[in-house]
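In the numbering used here, the protein residues as written are 107 to 220.
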């Protein structure tokens with residue numbers, strides 16, 4: 107698998123935020139040797155090792171572009187008429203959006219909770 111990132115690149119890991127690529131390393135875990143993307147979180151400098159074949163599944167992605175950032179600001183500034191009135195449906199809806207890892211859906215949750 108060809109990686110789109112190299113040492114020093116910034117990526118976003120959904121559960122941990124912004125990270126810097128430290129290395130791509132071949133390691134053995136659970137009896138299997140694989141290539142791992144080694145990341146360092148920007149906020150608390152935690153080191154993460156993600157199997158290269160799992161990168162898409164865990165949602166590692168590049169940072170948003172400036173045009174995407176403008177779109178996200180637009181999402182945050184508009185009210186959503188589709189928010190369920192029932193708190194349990196609203197909670198489930200928000201959980202599903204957060205789990206999606208999609209930045210626009212996460213922005214909708216932030217907007218709805220603000």
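Beta carbons: idealized from backbone N, C-alpha and C, even for Gly.
Exercise. In terms of residues, what are the limits of the beta strand (DSSP E) holding residue 146?
Worked result: 138-147
For this session: Can you check DSSP and say which residues form a bridge with residue 135?
Result: 138
Exercise. When the Cα atoms are used, what is the spatial distance from residue 166 to residue 197?
Worked result: Rounded to the nearest angstrom, the two C-alpha atoms are 25 Å apart.
Problem set entry | Cβ distance (whole Å) where residue 158 is taken to contact residue 141 below 8 Å | 4 Å
Problem set entry | Best match in 216, 205, 220 and 213 for proximity to residue 121 [C-alpha to C-alpha] | 205
Problem set entry | 8 Å Cβ cutoff met for residue 147 and residue 123 | yes
Problem set entry | Cβ pair residue 179, residue 214 closer than 8 Å | Using a Cβ distance threshold of 8 Å, residue 179 and residue 214 do not count as a contacting pair.
For this session: Just mark residue 149 as buried or exposed, buried being the case when its beta carbon has 16 or more other beta carbons within 10 Å.
Result: exposed
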